[in-house]
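Participant: Mind looking over this structure? Questions follow.
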Amino acid sequence: MTAQDADLLNYLLAVSLIFTAVLATVAAVTRDPVRQAVVLAVLGGSLAMLFTLLQAPDVALSQLAVGTAVTPLLLLLTARAVKRRRQR
Amino acid sequence: MSLPAEQLPPLAVAVPLLGAAVVLVAGRWLPRAGSDAFALGWAGLTAGVLGVLWHRAGDGAVRTVVGGWEPGVGITLHADRLGAGLALLAAVLVVAVLAYSWRYFDEPPREHTGAFPALVLLFEGGMVGFALTGDLFNAFVFFELMGVAAYALTGYRIEDPRPLHGALTFGVINSIGGYATLLGIGLIYGRTGELGMARVGVRLAGEQADALLVCAFVLLLTGMLVKAAAVPFHFWLPDAHAVAPTPVCMLLSGVMVELGVYGTYRIQHTVFEPAAIVPASVFRDIFLVLGVLTALLGAVMCWQQRHLKRLLAYSTVAHTGLFLTGVALVSRDALSGTALYIAGHAAVKAALFGLVGVLLDRHGSVDEHRLHGRGRGLRTAGAAFACGGLALAGMPPFAAGLGKAAAEHAAGVHHPWVIAVYVAVSALTGGAVLRAGLRVFYGAGPRPELRPPPDEMTGSHEPPEIKEPVRGIPPTMTGVPVALVAACLVAGLLPYAAPVPGWTPAGVLLGLLSTTLAAASATAALRWPAASSHVIRPPARLHSGRVGDYVAWLTAGMAVLTVVLAVRV
Amino acid sequence: MSRRVRTWVFLAAAAVLGVAFAAACTGLPDFGGERHPYGDRAAAAALRQQIANAVASVTFDQRGFDTLGEELMLFGAVLGTIVLLRRAPDERRVRPPRVRVLPSTRAYGTVLLPVVLLTAAYLVAHGHLTPGGGFQAGVIAASGVHLAYLAADYRVLERIRPTAALDVTHAAGAAAYAALGFAGFAAAAGTYLRNAAPHGTLRELASGGLVPAFNTAVFAAVGAGVVVLLAHFLDQALEIESAEERSG
Amino acid sequence: MIMDVLPYLTAGWIFLVGLYGVVTSSDLIHTVGSLAVTQSSTYVLLLAIGYREGGTAPVYGDTSARTPVVDPVVQAMALTDVVVGATVTALLLALVLQAAKRHGTTDPDQLTGLRG
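Protein chains in written order, with the working numbering: chain X, 3 to 90; chain F, 2 to 570; chain L, -4 to 243; chain S, 4 to 119.
Structure representation (structure tokens):
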């Protein structure tokens, strides 16, 4: 782990952190549930990337599975169920 | 078989959790009565294990590390008289609730027969785990497990819109409290590298209270204060309790809220006080004010309610304020007095909720005015309700009164003004319950006009939780509340439960004073209904039922606590 | 409170908390520091137990009590969803329409499904050796099963998803985890949740004592649980309607 | 320098932004989504605390026992936290779905019935 590698990893970490913070802000202010589900999926992916950089592969894998796939799917299904009722 | 005491704490948590899974699987094949009896058996087994543990703990504590690991690596469980006592109280209440809800709900569909008892056992596992654990992150896990089971139980009646709204508010606010607590745990872990509460307390010795420790203290206590419904974190409680199914209300008010107070005590006593990070004097001043504010607001709001369940919910907020005050007095007598007060209050409050469930089942309404005189036929329920009101008011020889007397005795040493708060709050809440009881069960006072004030919950037409009220009230639905009130009476007469000085003359006098005040206010309210029915506008409007408001109040509460602590420490 | 007042109250409080939290962060050891006492103790204990994946050792062995609570919490979520999303008496179930799907998509689905399930099986078997484990494998297997819905239609998914059996499996998985804890009494100084089985040698498949067994129990509970969870949400979104609505 | 506290500040920012989303939400599904954002702040804080510069993942598959590793305990805590998040989100969404069905709206401020 030479000095350049350490600097590169620190730089990557900083970029990943900023990107995650921006995505989280976008997710919080996106009012439409469907669009928010998409942004949350991207946030899940960016969190998984951040955890990989933080040397946490187990957590990255489960975050990828839950944060990118299951939670947005649940949000979309709930939005669809609610929208279907409102059309009637 | 004589298991060494160290084996008991993990078993006491594992038995209800395993029971939840087994009861659900068994529910698919067993008939309704069979799966209810099976669940009752598991709850009884848990209560037995906890009874032995509480007896073994005695005045010391049973400390064990799960899985035979050394303390620095594994999770330590710490079962002292207070923790094991609260866990035992939860277990006994679960047995009572499962017996109460024997045929409470209408026939669930085939594959959901075991669902409700399984959720109750899961709830019990979370509560027992939270009461016995000595590890910060483990406490967070059981805090969330308790919450998850409680959200599902509160929203159980999906046909009625209001429980769903109450469960949502309950879920969002408690989750935010839980996540704040986890942030606090992260900060503490970053500073000390430990998770066991006792080890963190030792590791903090010699440290000065800096920004991190103040912030960690506030974050850690946010979850506990949300669960303990202290002002301004309390808004979720009346909404959740007013609409939850009655058996769930019995558990929420009986012991879950009190676990928040216990969590507050454990974090201060074990983590922050040994190294004087938050010295006892600072903790006392801040939490005395917090407890008194909660107690007074709860009592005032309780007095104005006509929705019986919401009335009892605000009475729980008031009494939790008194428990917080008892903990804030930071003295052994006050603590053991508060412990007995919690036990007595749990039995009485659960009994009162059970009796309101009888009214809801029989008349499909929990509106005090609409039910005027319609409870005359239920004589035992009426008598039990009146006894409950008197016990809440602190009348000797009930255990609640004894606990209150002991706490007042301890408060009298340094803060005599606190005694006035204890008497006033007991009088107001007991008075409200007595007023409701006299009006509903004995038709006292003139028949009130039925025009409800605009922004107030009346609960006049609530769908009864049982679809066919035509059949008679199941015997357990009046038997369990009567048994609980009797237990509170017995515990008051022979105070083996907690090392509390028996009935001192001052204690008896104060108890009688608050009881007579309660009776006087109840009769006054019945004779002149117009005078006392003016709703105090501002606090009533603050309880808007909107979750956005409640989160704003929660954040404001955290900010104020941080500023006050930063100034004092 | 009006929405505007509420936002201002929140922003003011959030500003105060932000400043306090920032001050607290300066009190934390610098990011990437060398002082991790608990972490070093846990890593050493994992090696002593011959478990290559230290996170699996902490999750299932050293702090197995947390994972017991976590498993039962997931069980509670699935049970809660079963209870909350059940078909209310005033609702009825409508059969979803058949959907015509391109044959290439259907072929792709049928090829990919076994690959996903194989990956999940690999993750469970090597949970204690490489990153992964019961939970991750369970979620991957559960979302993999829903390829049948993407590549075909909801009726195909309902055919390959036996809800009754999965209900029992997810409860049995959670019960198995709690029951496995009692195996801890088999060891010499027997206690609950003790890793009593022989530990084998590091990096071998048969190492780690009971950890593979815990992993399998978690896989069964999570895999079946997430499928049941998604099933109830899918039913609400596609099939369940209130009785008085006209179908179609 | 800034990198010493940036991860912790990011966690604090995500927590407060998530709360902002919950407070100003006008759709219950958005509220639950914002709650999930609030929750992800705890992962970032926990894993940032456990990070060790030059440390590898705490998996001794192919590395020797002496290589410096990142803290495995925070990763176990973060794993449990991910499960807590999934659990709470699923339950709250089930409640939102049924509440929207019974109340006819998903705007939290329109849910009447519980006040006073």
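Note that the Cβ used here is the ideal one computed from N, Cα and C, for glycine as well.
Go ahead and pull the three-state DSSP assignment for H308/F.
Facilitator: In the structure shown, H308/F sits in a strand (DSSP, three-state: E or B).
Participant: Could you tell me the distance, in whole angstroms, from the CA atom of P275/F to the CA atom of A217/F?
Facilitator: Computed Cα separation, rounded: 16 Å.
Participant: Checking contacts by CB at 8 Å: is R55/S closer than that to chain F?
Facilitator: Chain F contact via Cβ: absent.
Participant: Indicate whether at least one CB of chain F lies closer than 8 Å to the CB of P24/L.
Facilitator: Output row for P24/L: interface = yes.
Participant: Should N48/L be flagged as near chain F, meaning a C-beta pair shorter than 8 Å?
Facilitator: Not one chain F Cβ lies under 8 Å of N48/L.
Participant: Less than 8 Å separating the beta-carbons of V548/F and L226/F?
Facilitator: No, these two residues do not count as a Cβ contact at 8 Å.
Participant: Using a Cβ cut-off of 9 Å, pull out every chain F residue sitting near I52/S, in sequence order please.
Facilitator: Chain F residues near I52/S: G187, L188, Y190, G191.
Participant: DSSP three-state label for V367/F, please.
Facilitator: Three-state result, V367/F: coil.
Participant: Alpha carbon to alpha carbon, how far is A23/X from Q209/F?
Facilitator: About 32 Å.
Participant: Pull up the DSSP beta-bridge partners for T77/F, would you.
Facilitator: For T77/F, which the question treats as bridged, DSSP gives the partners V66/F.
Participant: Using a C-beta to C-beta distance shorter than 9 Å, which residues of chain L count as neighbours of R37/X?
Facilitator: Result: empty, since nearest Cβ-Cβ is about 18 Å, beyond 9 Å.
Participant: Can you find a C-beta in chain S that's less than 8 Å from the C-beta of D9/X?
Facilitator: Not an interface residue.
Participant: Nearest to L67/L by alpha carbon, out of R104/F, L25/F, A319/F, D211/F?
Facilitator: Here the closest residue by C-alpha is L25/F.
Participant: Distance check for F273/F and G64/S, CA to CA, integer angstroms please.
Facilitator: Spanning the two alpha carbons is a distance of roughly 40 Å.
Participant: With contact counted as at least three CB pairs below 8 Å, one residue from each stretch, are the region 278 to 287 of chain F and the region 337 to 352 of chain F in contact?
Facilitator: With the cut-off at 8 Å, the region 278 to 287 of chain F and the region 337 to 352 of chain F do not touch.
Participant: Name the DSSP bridge partner or partners of N48/L?
Facilitator: Paired residue(s): V62/S.
Participant: Helix, strand or coil, according to DSSP, for T505/F in the structure here?
Facilitator: Coil at T505/F, not helix or strand.
Participant: Nearest to R267/F by CA position, among V74/F, C489/F, L83/F, is which residue?
Facilitator: Among V74/F, C489/F, L83/F, the Cα nearest to that of R267/F is on L83/F.
Participant: Helix, strand or coil, according to DSSP, for R87/L in the structure here?
Facilitator: Reduced to three states, the DSSP call for R87/L is strand.
Participant: Could you please give me the residues that DSSP links to V72/S through a beta bridge?
Facilitator: The partner list for V72/S (beta bridge, DSSP) reads T59/S.
Participant: Compile a chain-ordered list of the residues in the region 129 to 151 of chain L whose CB is closer than 7 Å to at least one CB of chain X.
Facilitator: Listed in sequence order: F130, Q131, V134, I135, S138.
Participant: Residue ranges of each alpha helix (DSSP H) run of no fewer than 4 residues wholly in the region 193 to 264 of chain F, ordered along the chain?
Facilitator: 198 to 204, 212 to 228, 237 to 244, 247 to 252, all fully within the region 193 to 264 of chain F.
Participant: Looking at the unbroken beta strand (DSSP E) that takes in S545/F, where does it start and where does it end?
Facilitator: No beta strand (DSSP E) holds S545/F; DSSP gives it neither H nor E.
Participant: Can you give me the C-alpha to C-alpha distance between T54/X and A49/L, rounded to a whole angstrom?
Facilitator: Approximately 16 Å between the Cα atoms of the pair.
Participant: Taking V419/F as the reference, which of G503/F, A329/F, P482/F, L196/F has the closest Cα?
Facilitator: For the residues G503/F, A329/F, P482/F, L196/F, the minimum Cα distance to V419/F belongs to A329/F.
Participant: Which residue marks the beginning of the alpha helix (DSSP H) containing E245/L, and which one marks its end?
Facilitator: Since the first residue of chain L shown is -4 and the last is 243, residue 245/L is not available in this structure.
Participant: Would I420/F count as contacting chain S if we go by Cβ distances under 8 Å?
Facilitator: It does not; no Cβ of chain S falls within 8 Å.
Participant: A394/F and V486/F - do their beta-carbons sit closer together than 8 Å?
Facilitator: Against a cut-off of 8 Å, the Cβ pair of A394/F and V486/F comes out as no contact.
Participant: So V73/S and E145/F are in contact, right, with Cβ under 8 Å, and what is the actual spacing, rounded?
Facilitator: Not confirmed; about 25 Å, so no contact.
Participant: Measuring only between beta-carbons, confirm whether T90/S sits less than 8 Å from chain F.
Facilitator: Closer than 8 Å to some Cβ of chain F, the Cβ of T90/S qualifies, so yes.
Participant: Just verifying my parser: in three-state terms, what is the DSSP assignment at G376/F?
Facilitator: DSSP places G376/F in coil when its eight states are reduced to three.
Participant: Three-state secondary structure (DSSP) at D1/F?
Facilitator: No statement about residue 1/F is possible, as the shown extent of chain F runs from 2 to 570 and does not include it.
Participant: Using a Cβ cut-off of 7 Å, pull out every chain L residue sitting near G64/S, in sequence order please.
Facilitator: Ordered by position in chain L, the residues that pass the 7 Å Cβ test against G64/S are A47, L124, T125, R198.
Participant: Assign I20/X to one of three DSSP states: helix, strand, or coil.
Facilitator: Here I20/X sits in helix by DSSP.
Participant: What does R36/L reach in chain F if we use C-beta pairs closer than 7 Å?
Facilitator: Here the neighbours are G73, V74.
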